[in-house]
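First to last, the protein sequences are chains A and B.
When you read off a place in the first sequence, starting at 1, and then add 163, the result is the number in my numbering.
When you read off a place in the second sequence, starting at 1, and then add 1, the result is the number in my numbering.
Worksheet: one structure, shown below.
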Amino acid sequence: QKEVEQDPGPLSVPEGAIVSLNCTYSNSAFQYFMWYRQYSRKGPELLMYTYSSGNKEDGRFTAQVDKSSKYISLFIRDSQPSDSATYLCAITDSSYKLIFGSGTRLLVRP
Amino acid sequence: EPEVTQTPSHQVTQMGQEVILRCVPISNHLYFYWYRQILGQKVEFLVSFYNNEISEKSEIFDDQFSVERPDGSNFTLKIRSTKLEDSAMYFCASRKRVSTDTQYFGPGTRLTVL
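The following block contains the structure:
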């Protein structure tokens with residue numbers, strides 16, 4: 164079983180839609196959860212970071228963690244064409260090395 | 002806003018040659034990392050570095066790879082004898098402190114081995 168699983172997409176939505184991106188993980192020792200955004204041939208850019216179950220909101224972005232189900236989500240409200248990118252979930256334990264999902268490619272159509 | 006920088010942005014080399022990829026982490030960060038991403042694949046951890054020594058390395062990070070912090074600002078990844086399969090984007094990342102901070106990535110160096 165892979166440590167982190169993420170649907171690769173692509174996911175195509177109209178501008179203004181609510182986007183839901185998801186990852187599952189296998190190891191309950193994971194305790195820190197991140198979402199990065201990556202544009203083509205660029206470095207991952209940190210969007211959200213959390214280490215507890217529940218929701219964390221930052222502007223149009225909401226990160227949700229359910230440790231009992233080993234499931235993390237990122238919601239994007241009022242999606243914009245500039246949100247078109249690949250979204251990577253990343254998880255770590257006390258070693259702090261990041262384990263990434265394969266990334267979900269998102270396209271927001273004007 | 003401080004950021005991680007990497008040079009060069011693109012490096013082309015012949016198989017068997019040595020390459021050095023350079024990174025300048027964020028100035029008050031203490032933990033440094035290298036990751037790589039082969040085209041179309043996921044970002045993979047290579048090595049972590051703290052207090053002038055390797056903290057952890059992956060199976061990918063074999064004897065062909067080495068890391069160094071030669072001065073107070075640079076962090077380098079050396080590949081001694083490049084192989085075709087080393088072609089990838091290489092990302093440097095840095096982190097400030099132990100508990101609740103996370104890693105900030107540089108823009109990457111695209112390594113092409115011919």
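Even for Gly, the Cβ is constructed at its ideal location relative to N, Cα and C.
- Per the Cβ contact rule, the stretch 9-21 of chain B is not in contact with the stretch 195-203 of chain A (fewer than 3 Cβ pairs under 8 Å).
- Within its own chain, the residues whose Cβ lies closer than 8 Å to the Cβ of Leu261 (chain A), once the five positions on either side in sequence are excluded, are Met197, Ala253, Ile254, Thr255, listed in chain order.
- If you check the CB distance, Arg70 (chain B) and Phe76 (chain B) come in under 8 Å.
- Taken through DSSP and simplified to helix, strand or coil, Leu31 (chain B) comes out as coil.
- With respect to the C-alpha of Ser245 (chain A), the residue from A:Gly264, A:Tyr188, A:Val176 having the closest C-alpha is A:Val176.
- Here the alpha carbon of Ile181 (chain A) sits roughly 15 Å from the alpha carbon of Asp221 (chain A).
- Look at the stretch 234-256 of chain A: the residues with a C-beta under 7 Å from a C-beta of chain B are Leu251.
- If you keep only unbroken beta strand (DSSP E) runs of at least 3 residues inside the stretch 196-231 of chain A, you get 208-213, 217-221, 224-229.
- As DSSP reads the structure, Lys79 (chain B) sits in a beta bridge with B:Ile21, B:Ser67.
- Per the Cβ contact rule, the stretch 209-219 of chain A is not in contact with the stretch 29-46 of chain B (fewer than 3 Cβ pairs under 8 Å).
- In this structure, Phe263 (chain A) sits near Val167 (chain A), with a CB-CB distance shorter than 8 Å.
- The Cβ-Cβ distance between Gly73 (chain B) and Gln7 (chain B) does not fall below 8 Å.
- Here Pro26 (chain B) carries a coil assignment [DSSP, helix/strand/coil].
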